[in-house]
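To keep things clear, I will list the structure first and then write my remarks on it.
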Amino acid sequence: MKTESKFSKSNGVGVFGNDVKDTNIPVEVWRYYLLINRPEEGSDADFTWPDLQAKLNNELLNNLGNFVNRVLSFIAKPAGVGYNSIIPNVPDDVSGDSHNPTKELADKVSAYLDQYIEAMEKVKLKQGLKIAMSISKEGNAYLQQTKFWRLYKENQSLCSLVIKTAAGIAYLLACLLEPFMPSFTLEVFKQLNLSPEIHLSLSDDKDIDRVRRPWDILSAGHKIGIPKPLFRELKNEELEFYKNKFAGSQADRIVRAEAEKAAEQLKKTTIVATDGKGKKKNKSAAQQFKNKSAAQQ
């Protein structure tokens with residue numbers, strides 16, 4: 018990837034695979050960033066730390082992660098304030114086809130699904146990823162529009178429809194994003210308490226029909242696992258640390274790392290000296306060097 022400086026593989030300028038390993042940023046974040054910034058042509062992808070921060074915090078954390086965690090966390094709440102970790106049953110007299118917000122969501126998801134299949138068949142990975150993230154965005158808007166937290170108190174039957182639909186969308190997202198972020202998919206399946214082998218097939222007409230009716234994707238009565246946050250915010254102080262750590266070329270970084278290592282070792286090294294009267298005095302090598310330099314000035 019190119020950074021703000023001109024990329025040069027021979028000079029070691031850029032962000033490379035071994036640099037990625039030296040950060041605490043999960044691999045799925047890097048995979049997402051590379052794919053969503055994938056150039057349409059064969060040129061290098063531009064990279065800046067602020068852009069990575071924005072993609073992680075705004076798109077992965079606030080959009081995708083927030084949607085999945087919000088739905089599963091509500092289901093996991095005890096009865097009386099949630100569903101005691103059970104996918105709710107929707108009464109027969111309540112239908113997604115007759116509830117406007119749910120029907121509108123289903124129509125949008127259906128259209129996005131067709132676009133996703135077409136993009137992936139043409140190996141347009143960046144486009145496929147963007148479409149999947151658009152479904153997540155629609156899921157968040159659906160939760161806000163339906164105000165499920167209020168529905169739970171005012172209309173339990175309708176709330177069950179909304180939550181069952183949203184849980185189905187969370188599962189759908191895990192399936193659609195597997196080609197891009199497989200570790201994310203595995204974690205969502207774990208939190209849903211589903212085997213990774215139970216996977217939607219986009220070549221199966223029955224599975225596609227289920228997706229077009231997202232309230233039918235997951236079975237009522239299924240017990241989910243333990244919800245956990247899927248992404249962590251990249252804070253400004255962390256961003257500055259990484260910008261400084263990976264500034265310059267790889268050769269520059271090696272020199273800086275060796276200098277820091279030597280400085281730390283110098284602090285720990287103790288030199289035994291005498292004060293001229295036979296008494297021993299312990300000084301760190303760093304202090305000894307500092308005193309000697311001061312005496313020479």
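For the sequence shown, position 74 (counting from the first letter as 1) is numbered 91 according to this note's numbering, and the numbering increases by one without interruption. Heads up, the beta-carbon is just placed ideally off N, CA and C, and yes, glycines get one too.
Test item: CB-CB of residue i and residue j under 8 angstroms
{"i": "glycine 242", "j": "asparagine 106", "result": "no"}
{"i": "tyrosine 259", "j": "threonine 65", "result": "no"}
{"i": "phenylalanine 201", "j": "leucine 235", "result": "no"}
{"i": "phenylalanine 206", "j": "arginine 48", "result": "no"}
{"i": "glutamine 208", "j": "lysine 245", "result": "yes"}
{"i": "valine 88", "j": "isoleucine 180", "result": "yes"}
{"i": "alanine 84", "j": "alanine 184", "result": "Correcting the residue type first, residue 84 is phenylalanine in the shown sequence and not alanine. No; because the gap between Cβ atoms is not below 8 angstroms, this pair is not in contact."}
{"i": "isoleucine 53", "j": "lysine 141", "result": "no"}
Residue i - DSSP class collapsed to helix/strand/coil
{"i": "glycine 99", "result": "strand"}
{"i": "lysine 139", "result": "coil"}
{"i": "aspartate 224", "result": "helix"}
{"i": "lysine 164", "result": "coil"}
{"i": "valine 37", "result": "helix"}
{"i": "asparagine 28", "result": "Caution is warranted here: a pLDDT of 46 is assigned to asparagine 28, below 50, making its placement in the model unreliable, and the coordinate value is therefore given only provisionally. Of the three classes helix, strand and coil, the one that applies to asparagine 28 here is coil, per DSSP."}
{"i": "aspartate 124", "result": "helix"}
{"i": "lysine 181", "result": "helix"}
{"i": "aspartate 63", "result": "strand"}
{"i": "lysine 72", "result": "helix"}
{"i": "lysine 170", "result": "helix"}
{"i": "lysine 262", "result": "helix"}
Integer Cβ distance of residue i from residue j, believed to fall under 8 angstroms
{"i": "leucine 190", "j": "proline 231", "result": "Contact flag wrong, Cβ pair sits at about 11 angstroms."}
{"i": "alanine 149", "j": "tyrosine 133", "result": "6 angstroms"}
{"i": "serine 153", "j": "asparagine 80", "result": "5 angstroms"}
{"i": "asparagine 74", "j": "leucine 256", "result": "Actually they do not touch by this definition, with Cβ atoms about 10 angstroms apart."}
{"i": "threonine 182", "j": "glycine 82", "result": "Contact flag wrong, Cβ pair sits at about 19 angstroms."}
{"i": "valine 126", "j": "valine 228", "result": "7 angstroms"}
Per-residue burial, residue i [other beta carbons within 10 Å of its own, 16 or more giving buried]
{"i": "lysine 164", "result": "exposed"}
{"i": "asparagine 86", "result": "buried"}
{"i": "glutamate 195", "result": "buried"}
{"i": "lysine 38", "result": "exposed"}
{"i": "serine 220", "result": "exposed"}
{"i": "serine 212", "result": "exposed"}
{"i": "serine 177", "result": "buried"}
{"i": "isoleucine 215", "result": "exposed"}
Proximity test, residue i beta-carbon vs the ligand ZN heavy atom, cut-off 7 angstroms
{"i": "proline 108", "result": "In the structure on display, the ligand ZN does not appear, and there are no ligands present to speak of."}
Paired residues, beta bridge with residue i - DSSP
{"i": "phenylalanine 240", "result": "In the sequence on display, residue 240 carries lysine and not phenylalanine. Ile103, per the DSSP bridge assignment."}
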